[in-house]
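Engineer: Counting in our numbering, the final residue of the sequence shown is number 233, and the numbers go up one at a time with none missing.
This is the structure, below, for whatever I ask next.
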Amino acid sequence: MDWEIVSNYMPLYLEGALTTFKISILAILCATILGYFIALMRLSSISVVRGIAFVYVWVFRGTPLMLTLFWLYYATPFGLKLPAFIAGLAAMSINSASFKSEIIRAGIMSVDRGQLEAADSIGMNPFQKMIRITIPQAIRLLTPPYINNCVIMLKESAIVSIVTVPDLMLGAQRAYNSTYSVIETLGVAGVIYLTMTSSIMLLQFFIEKKLRIAKR
Numbered sequence: 018m019d020w021e022i023v024s025n026y027m028p029l030y031l032e033g034a035l036t037t038f039k040i041s042i043l044a045i046l047c048a049t050i051l052g053y054f055i056a057l058m059r060l061s062s063i064s065v066v067r068g069i070a071f072v073y074v075w076v077f078r079g080t081p082l083m084l085t086l087f088w089l090y091y092a093t094p095f096g097l098k099l100p101a102f103i104a105g106l107a108a109m110s111i112n113s114a115s116f117k118s119e120i121i122r123a124g125i126m127s128v129d130r131g132q133l134e135a136a137d138s139i140g141m142n143p144f145q146k147m148i149r150i151t152i153p154q155a156i157r158l159l160t161p162p163y164i165n166n167c168v169i170m171l172k173e174s175a176i177v178s179i180v181t182v183p184d185l186m187l188g189a190q191r192a193y194n195s196t197y198s199v200i201e202t203l204g205v206a207g208v209i210y211l212t213m214t215s216s217i218m219l220l221q222f223f224i225e226k227k228l229r230i231a232k233r
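Dropping the structure here:
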C-alpha cells in the first residue's frame, strides 16, 4: 500500500464521496415519495389507476438502471439536455420507486383489515386511518426491506460515473488513470463505500430497536 498515493488523492475521494452521498440521499427521498403514491395507485379501487401503476412497476423493475440513465441523459425528447447530476438523480429515483412502491404496498396490505373496519365504524376518515393505524404498523414490517433497498441504491449510485457525475467511483477511476495503482485507488474507494453502507445498516439496527421498544 502506497500511502503517498492515498494522501495525494484523498481530497478527490472525499469530494466524490460527498457527491455520492448527496445523490443517494436525494434519490432515496424522491423514490420514497414517488413509490408511496405508486403504492396507493396499486391499491386503488379504480382499475385504470391500478393498471397505470402496474405498468410503471413492471417496466422499471424489469429494465436496468443503466438503460434508464442512458435514456434520460442521451435520448431526452425535444432536444432537452439534462445535466449529468439531474439525469443520474432522476434515473435512480424513477428506477428505485418501482421497488419501493412494492415494499410500501406490502407494508400497507399487512395491516389487519379488521382494524380498518373498526376505524370506519368510529368515523375516521381515510387520512386519519393512514396516519394513526396503517403507517405506524406498516413501518415495523417494511423497515428491513426498505433500508436494504437504500443500501443497494447507494452502491448502484456508482453507475452515474458513466455520465461523468463526479462521484466517488469517478474519482477512483481518475486516480487510477493517473497512477495505475489498483490497490490504492480502488481499495480506498471500496473502504469508503463500505463505511457509508455500514452507517445505513447501523441506522437500520437503531430504528428496529426503537420500533421493538415502541411495540412493547
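Just so you know, even glycine gets a beta-carbon here, dropped at the ideal spot from N, CA and C.
Can you grab the Cα-Cα spacing for the pair Lys146 / Ser61, in whole Å?
Structural biologist: Each residue's Cα considered, the two are about 15 Å apart.
Engineer: For the alpha helix (DSSP H) that contains Ala48, what are its first and last residues?
Structural biologist: 20-59 is the span of the alpha helix (DSSP H), which, as asked, contains Ala48.
Engineer: Excluding the 5 residues flanking Pro161 on each side, which residues of the same chain have their C-beta closer than 8 Å to its C-beta?
Structural biologist: If we look at Pro161 and ignore the five residues flanking it on each side, its Cβ neighbours are Gln221, Glu225.
Engineer: Can you grab the Cα-Cα spacing for the pair Met237 / Val177, in whole Å?
Structural biologist: Since the displayed the chain opens at 18 and closes at 233, residue 237 lies outside it and no answer follows.
Engineer: According to DSSP, is Leu99 helix, strand or coil?
Structural biologist: In the structure shown, Leu99 sits in coil (DSSP, three-state: anything other than H, G, I, E or B).
Engineer: Ignoring anything shorter than 4 residues, give me the alpha helix (DSSP H) runs that lie fully in the region 64-115, in order along the chain.
Structural biologist: If we require 4 residues or more, the alpha helix (DSSP H) runs fully inside the region 64-115 come out as 64-78, 82-91.
Engineer: Helix, strand or coil for Gly140? Go by DSSP, reduced to three states.
Structural biologist: Three-state DSSP puts Gly140 in coil, outside helix and strand.
Engineer: Please report how far the alpha carbon of Pro81 lies from the alpha carbon of Trp75, in whole angstroms.
Structural biologist: In a straight line, the C-alpha of Pro81 is about 12 Å away from that of Trp75.
Engineer: Taking all protein chains shown into account, do 16 or more other C-beta atoms lie within 10 angstroms of the C-beta of Lys13, making it buried, or fewer, making it exposed?
Structural biologist: The structure shown does not extend to residue 13, since the chain spans only 18 to 233, so no value can be given for it.
Engineer: Who are the near neighbours of Val128 in its chain, counting only those whose CB is closer than 7 Å to its CB and skipping five residues on each side?
Structural biologist: The residues are Ile150, Thr151, Gln154, Ala155.
Engineer: What's the call for Arg122, buried or exposed, on a 16-neighbour Cβ count within 10 Å?
Structural biologist: Buried, because 16 or more other Cβ atoms sit within 10 Å of the Cβ of Arg122.
Engineer: Helix, strand or coil: how does DSSP classify Ser195 here?
Structural biologist: Reduced to three states, the DSSP call for Ser195 is helix.
Engineer: Span of the alpha helix (DSSP H) holding Thr160?
Structural biologist: Counting along the chain, the alpha helix (DSSP H) containing Thr160 begins and ends at 152-173.
Engineer: From Gly188 to Pro28, what distance separates their C-alpha atoms?
Structural biologist: Approximately 10 Å, taken between the alpha carbons.
Engineer: Do Ile40 and Ser174 come within 7 Å of each other at the CB atom, strictly closer than that value?
Structural biologist: Cβ distance < 7 Å, so Ser174 and Ile40 count as in contact.
Engineer: In three-state terms, what does DSSP make of Ser127?
Structural biologist: Coil, per DSSP.
Engineer: Which word fits Val182, buried or exposed, when buried means at least 16 other C-beta atoms lie within 10 angstroms of its C-beta?
Structural biologist: So Val182 ends up on the buried side.
Engineer: By how many angstroms is the C-alpha of Thr212 removed from the C-alpha of Tyr193?
Structural biologist: Cα to Cα, the separation comes out at about 21 Å.
Engineer: Buried or exposed, going by whether 16 or more other CB atoms sit within 10 Å of the CB of Ser118?
Structural biologist: Classification for Ser118: buried.
Engineer: Using 8 Å as the cut-off, can you tell me whether the region 84-102 makes contact with the region 128-140, which would need three or more C-beta pairs spanning the two stretches below that distance?
Structural biologist: No contact exists between the region 84-102 and the region 128-140.
Engineer: Is it buried or exposed for Leu35, if we count other Cβ within 10 angstroms and need 16 for buried?
Structural biologist: Per the 10 Å Cβ criterion, exposed.
Engineer: Among Arg191, Val23, Phe38, which has the Cα closest to the Cα of Gly105?
Structural biologist: Considering only alpha carbons, the answer is Phe38.
Engineer: Between the beta-carbon of Ile217 and the beta-carbon of Val180, is there less than 7 Å?
Structural biologist: In this structure, Val180 does not lie closer than 7 Å to Ile217 by Cβ.
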